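Chemist:
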Amino acid sequence: MKIIIHGGFFSESSTSHETKVAKQNALLRIVKDSYEYLKTHSAVETVVYAVSLLEDDDLFNAGIGSQIQSDGKIRMSASLMDGTTQKFSGVINIEEVKNPIQVALELMKVDDRVLGGSGATNFARQYGFEKFSTEIPQRRAEYEAKLAATGTGTVGCVALDSNGNLAAATSTGGKGFEIPGRISDSATVAGNYVNEFCGVSLTGVGEDIVSNATAAKIVTRVTDGFSLDKAFEKTFAELKPYDGFAGAIAIDKEGNMFHQDSHPSMVFASYDGEKEEVFG
Numbered sequence: 000m001k002i003i004i005h006g007g008f009f010s011e012s013s014t015s016h017e018t019k020v021a022k023q024n025a026l027l028r029i030v031k032d033s034y035e036y037l038k039t040h041s042a043v044e045t046v047v048y049a050v051s052l053l054e055d056d057d058l059f060n061a062g063i064g065s066q067i068q069s070d071g072k073i074r075m076s077a078s079l080m081d082g083t084t085q086k087f088s089g090v091i092n093i094e095e096v097k098n099p100i101q102v103a104l105e106l107m108k109v110d111d112r113v114l115g116g117s118g119a120t121n122f123a124r125q126y127g128f129e130k131f132s133t134e135i136p137q138r139r140a141e142y143e144a145k146l147a148a149t150g151t152g153t154v155g156c157v158a159l160d161s162n163g164n165l166a167a168a169t170s171t172g173g174k175g176f177e178i179p180g181r182i183s184d185s186a187t188v189a190g191n192y193v194n195e196f197c198g199v200s201l202t203g204v205g206e207d208i209v210s211n212a213t214a215a216k217i218v219t220r221v222t223d224g225f226s227l228d229k230a231f232e233k234t235f236a237e238l239k240p241y242d243g244f245a246g247a248i249a250i251d252k253e254g255n256m257f258h259q260d261s262h263p264s265m266v267f268a269s270y271d272g273e274k275e276e277v278f279g
C-alpha cells in the first residue's frame, strides 16, 4: 500500500517560513491519516478521503480557502478516476459545496459523469450536498486588494491499495481573478489520470498542463513500458518549449512513487507505512 498527496506550489518569495512549516505538518498529518484509512478501504475511497481532508484545510486552495474569480464568486473543480474500471468523473466550476471531490464520487454512480456550472451545483443539491460557502477572509481581502494570485493552487492524491488497485483524485479552487467559465486541468485527464499501470495527479497552471496532456502522457508512457522516472522526464521535457508550469505526483503498479515539478516548489507528502517524505 502506498499513498502520495500534493497541495499545490510553495513560493519562497511570497510565503512565510511559518506557512511552509504549517503546510509540511498538515501534509504529513493528512497522508498518515489517509494511509490508516487505506488499510481498510479501497484506493478510490482513500483518494476521496485524502482530498476531502485537503479541501477542508484552508492552507490549501481547494474547498475551503478557494480563490475568488473576477466576478467575486468562487467556483471549484474536482475529478476522480478509478484505475480498475477506467471510470472518470468530475465537476467543473461548481459553487457553494464544501467538498467537490465527494460530488465527483457521487457522479461515479450515474451515466453523465462530468458536469459543469449550474448543472454540477444542481446535481449536488439533489444528492444532499448542502449549500456551503468556502470563502475565507484572507481570500476576500486578496480579492478586494486586487492581489495577483499565483494560479498554482490545487490538491490531489494517488493511492495504491492492498489489492493492487490504483486511483487518483484532484481538486482545485481555481487560480483567482480568472474569467468566469474558465476550465482548469483538474477535472480533465490532463490533470488527473490513472489506469491499472499508473496513477497521476497534477498541480500548476491549468492551461500549460492541458496543452501538454501531462497526466495522460505519463500514464500512457508507463503503460507502454517506460519506467516512472523516464515517463516523467520525457513528459516534463515537453513542457520546456513554452516554459510550462506544472508539478505531478504518481504511483505505478509496482508501488514506485515519484514526483517532479517544472518550477520550485510543489508541496507534497508520501507514506508507505514506514517511510515518510515531505517537501523541504
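Numbering that gives the first Met the number 0 puts the first residue of the sequence shown at 0, with every later residue one more than the last. In this text, a Cβ means the ideal position worked out from N, Cα and C, and glycines have one as well. The model shown is predicted, which means the values in this text are computed figures rather than measured ones.
Buried or exposed: G224, going by 16 or more other Cβ atoms within 10 Å of its Cβ?
Modeler: Exposed is the call here.
Chemist: With respect to the beta strand (DSSP E) encompassing T202, which residues constitute its N-terminal and C-terminal limits?
Modeler: Counting along the chain, the beta strand (DSSP E) containing T202 begins and ends at 197 to 203.
Chemist: Determine the DSSP secondary structure at D228, reduced to helix, strand or coil.
Modeler: In the structure shown, D228 sits in a helix (DSSP, three-state: H, G or I).
Chemist: Run through the DSSP bridge pairs and tell me what V2 is partnered with.
Modeler: The sequence given here has Ile at residue 2, not Val. In the DSSP output, where bridge partners are listed per residue, I2 has A158, Y270.
Chemist: Could you tell me the distance, in whole angstroms, from the CA atom of C197 to the CA atom of A144?
Modeler: When rounded, the distance between both Cα atoms is 42 Å.
Chemist: Secondary structure at A245, three-state DSSP: helix, strand or coil?
Modeler: A245 falls in the strand class under three-state DSSP.
Chemist: Could you tell me which of N194, A168, L238 sits nearest to Q4, measuring between CA atoms?
Modeler: Looking at the sequence shown, residue 4 is not Gln but Ile. For the residues N194, A168, L238, the minimum Cα distance to I4 belongs to A168.
Chemist: For G89, which residues does DSSP report across the bridge?
Modeler: Paired residue(s): S78, V113.
Chemist: Give me the Cα-Cα distance between I91 and A103, rounded to the nearest whole angstrom.
Modeler: Straight-line Cα distance between these residues: approximately 10 Å.
Chemist: Assuming V113 contacts A186 (C-beta within less than 8 Å), just tell me the rounded distance between them.
Modeler: Sure, about 7 Å apart at Cβ, within 8 Å.
Chemist: Determine whether the beta carbon atoms of H157 and V30 lie at a separation below 8 Å.
Modeler: The identity of residue 157 in the sequence shown is Val, whereas the question assumes His. No.
Chemist: Three or more beta-carbon pairs under 8 Å between the region 116 to 130 and the region 216 to 232, yes or no?
Modeler: Flag = no, the region 116 to 130 and the region 216 to 232 do not touch.
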